[in-house]
Amino acid sequence: MRLVDLAGSERANRTEATGQRLREGGNINQSLTTLGRVIAALADPKRQRAPRMTGLQNQAKRRADVVPYRDSVLTWLLKDSLGGNSKTAMVACISPTDYDETLSTLRYADQAKKIRTKAHVNQDAVSAAERDAKIMEMQETIKSLQHSVNNAAVRKRDEADRARDELEDYQRQVTKMQRAMEESRAVSDVKIRALTMEVEELRPQNSALQTEIEALRRHLALAVGELKNPIKLPPELAGDEDEENSEMYEGSDSGVDDVYSVPGDDSGEGGFEHEAWQQDVDQLLQEIGLFKRKVADDKTRFPHPVQAVVEAVGGN
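In full-length UniProt numbering, the protein residues as written are 1 to 316.
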């Protein structure tokens, strides 16, 4: 509740005030004049039932309907009492001895009576118990939210620590795998260099073996040709010496060396031919023996291919 004592207007010629008293009277009259303007603006019926307008008209109307509360300190202090959420009562003091002042005061009061405000009680629509219950509920909600936030922060911190540990484990595994790969690459390089050196060392031996194989193939082709095309004796020598040759093969183990030995005289044309044939046969037997020794050596060194070739030759 606010109680305000409004001073009446003072006329300078009647009070005969001068100096400071005159200035104070002028300020009082100015404040009362501003209060009259504020009351007139609030009591204007056009302002109370003015329709809603838009655009420039609404802005111009609002500038014209502005209540001058700020024009004086008195109206600024009485702003809530006159046009706010309050109920205001004005007590007018009149006296029949001063007609003009009484008429002015009554006009003031009548104009103030026309002010209409929609005041309502400044209190909550709920009871104190309900308000306390809501406050407790809000406090519990705040606590639960704080607990959830703390748990979320702890959970995020744990997840971050777990992710950091996993990242470190992955980094260690990657480092270990890189080290293993480098070691494996180094071992592979050493093995490759060793194998390369061994290949370079075996290459001359391979060339020598290839040369020897070619020589053996030539000898083998020669032997196969001799076996396919045996030496044939002339008809005149074959008939005379069949019986002698059979006896020599039965009684002697000297082999082919005694086949063409003829007893008696070695001179003459027949003896010369016999010696020539004997030399050819001896040379052929030597070549066959050399070939057999080489084949035996080849069978020892290269068992499978040479054995297959010998079997093929024997089959032929």
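Don't be surprised by glycine CBs; every beta carbon is placed ideally from N, CA and C.
No experiment lies behind these values; they were computed from the predicted model shown.
Cβ distance (whole Å) where residue i is taken to contact residue j below 8 Å
i: VAL67; j: GLY84; result: Not a contact, Cβ separation roughly 11 Å.
Cβ pair residue i, residue j closer than 8 Å
i: THR75; j: SER81; result: no
i: LEU222; j: LYS294; result: no
i: LYS118; j: ALA43; result: no
i: GLN30; j: SER72; result: yes
i: MET136; j: ALA112; result: no
i: VAL4; j: LEU78; result: yes
Extent of the continuous alpha helix (DSSP H) run through residue i
i: ALA7; result: Counting along the chain, ALA7 falls outside any alpha helix (DSSP H), and DSSP gives it neither H nor E.
i: MET138; result: 128 to 228
i: LEU106; result: 99 to 113
i: SER31; result: 20 to 42
i: LYS79; result: 79 to 83
Own chain partners of residue i with C-beta closer than 7 Å, once the 5 adjacent residues on each side are dropped
i: ARG155; result: none
i: CYS2; result: Per the sequence presented here, residue 2 reads as Arg, with Cys not at that position. Within the same chain, ARG2 has close Cβ partners SER81.
i: ARG172; result: none
i: SER95; result: THR102
i: VAL174; result: none
i: SER267; result: Residue placement at SER267 cannot be trusted, given a pLDDT of 43 that sits under 50; what the coordinates show is reported in the next sentence. Taken in chain order, the list of residues that qualify is empty.
Neighbourhood of residue i by C-beta, 6 Å cutoff - its chain only, sequence neighbours within 5 removed
i: LEU6; result: none
i: ILE213; result: none
i: residue 317; result: This structure gives no information on residue 317, because the portion of the chain shown stretches from 1 to 316.
i: ILE28; result: ALA7
i: ASP132; result: none
Close beta carbons around residue i, own chain, < 8 Å, minus the five adjacent residues each side
i: ARG70; result: TRP76
i: ASN122; result: ASN85
Taking three-plus beta-carbon pairs below 8 Å as touching, is the segment 26 to 43 in contact with the segment 96 to 115? Under the three-pair Cβ rule at 8 Å, the segment 26 to 43 counts as touching the segment 96 to 115.
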